[in-house]
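Engineer: Got a structure for you, questions after.
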Amino acid sequence: MHVRSLGYSTDLSVLRAEGSSVEDDGDAIVVVTLQEPSYWWGNFVLVANPESIGRGIGSFTRTFPRAAHVAIGVDGTDGFVPPADARLGLEPEVSVVLTAPRLAAGTPVDAEVRALSTDRDWEGLVALRQGDGQPGADAAFHRARVAAAARVTGTGAGIYFGAFRGGRLVSSLGIVSDGCGTARFQHVLTRADHRKQGLASHLVATAGAVAGQRWGTRLLVITADPDGPAINLYLALGFEEVQRQLQLVRAPASR
């Protein structure tokens, strides 16, 4: 299956780098992350168009018979949300896909900025993500996600950066190369009491520059909530909206 969505094509590249299984049967792509069954977007089916949602749900059920969630990606570039009856009970989530060949320089910040590398750094990232209060995400989920980030870093395909104050990690993000000139940003996050101080902007600019130097990256890709505060930060750095990405989810009843 040829993937038109730049959001999904870079998602799949990152998942492969993390060690997930990505299988293409011609009509759909099935992603399985055995070590993280609660990671919705590591265990999902990507279908070619809205007309394939029903078949995608069938494929998901066969692949993940014990899953409490259902996650279906719909390939495309405009983020078109099908009517409720066509979505078959799944709730839509639309993201903006932004790209840039290079970014504006970040403004200086009062923090130590460097790549994460030590066990203490990764523990700091677990703590940062736990402190963010992501609904439904427990400590085991965050540890598994951070372990995947550390694996990608170990292969040389990705780098995770952090801003430290007083030895404490207060802002972080990752960037992962597809090996063909494109790199995708991952999980931009800043502690609530350190936001609006330029840390995330500085990290994005730093990571973009390092990607160009280390991997010869020619295209930087990031996604954002179209109604969230981060999108203006990315636009100010030089990103431009190029596509929209549609995800369809049925959350577990307990959520």
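At position 193 of the sequence shown the residue is numbered 192 (numbering that gives the first Met the number 0), and the sequence of numbers has no breaks. Yeah, the Cβ is synthetic: ideal placement off N, Cα and C, and Gly gets one too. For clarity, every value in this text was computed on a predicted model and none was experimentally measured.
First and last residue of the beta strand (DSSP E) that includes A114?
Structural biologist: A114 -> beta strand (DSSP E) spans E111 to A114.
Engineer: Could you please give me the residues that DSSP links to E50 through a beta bridge?
Structural biologist: According to DSSP, which records beta bridges pairwise, E50 is partnered with nothing at all.
Engineer: Determine the burial state of Q185: buried for a count of at least 16 other Cβ atoms within 10 Å of its Cβ, exposed for fewer.
Structural biologist: It counts as buried.
Engineer: Just mark T106 as buried or exposed, buried being the case when its beta carbon has 16 or more other beta carbons within 10 Å.
Structural biologist: Result: exposed.
Engineer: Measuring straight from C-alpha to C-alpha, what distance separates A146 and I52?
Structural biologist: In a straight line, the C-alpha of A146 is about 32 Å away from that of I52.
Engineer: Return the chain-ordered list of same chain residues with a C-beta closer than 6 Å to the C-beta of V209, the five sequence neighbours on each side being excluded.
Structural biologist: Nothing meets the Cβ criterion.
Engineer: Please report the straight-line C-alpha distance between P91 and F63, rounded to a whole angstrom.
Structural biologist: One C-alpha to the other measures close to 20 Å.
Engineer: Is the separation between the beta-carbon of N42 and that of A70 shorter than 8 Å?
Structural biologist: Going by C-beta atoms, N42 is nearer than 8 Å to A70.
Engineer: Do you know how far the Cα of F160 is from the Cα of V125?
Structural biologist: Approximately 14 Å, taken between the alpha carbons.
Engineer: Could you check what DSSP says for T117 in three-state terms: helix, strand or coil?
Structural biologist: Here T117 sits in coil by DSSP.
Engineer: For F59, count neighbouring Cβ atoms within 10 angstroms of its own Cβ and tell me buried if that reaches 16, exposed if not.
Structural biologist: That one is buried.
Engineer: With DSSP collapsed to three states, give me the class of S37.
Structural biologist: The answer is coil: DSSP assigns S37 none of H, G, I, E or B.
Engineer: Kindly confirm or deny that the stretch 205 to 223 and the stretch 174 to 182 touch, where touching means at least three C-beta pairs closer than 8 Å.
Structural biologist: Segments in contact, yes.
Engineer: On the DSSP bridge assignment, give the partners of S256 in chain order.
Structural biologist: The requested residue 256 does not occur in the structure, where the chain is confined to residues 0 to 254.
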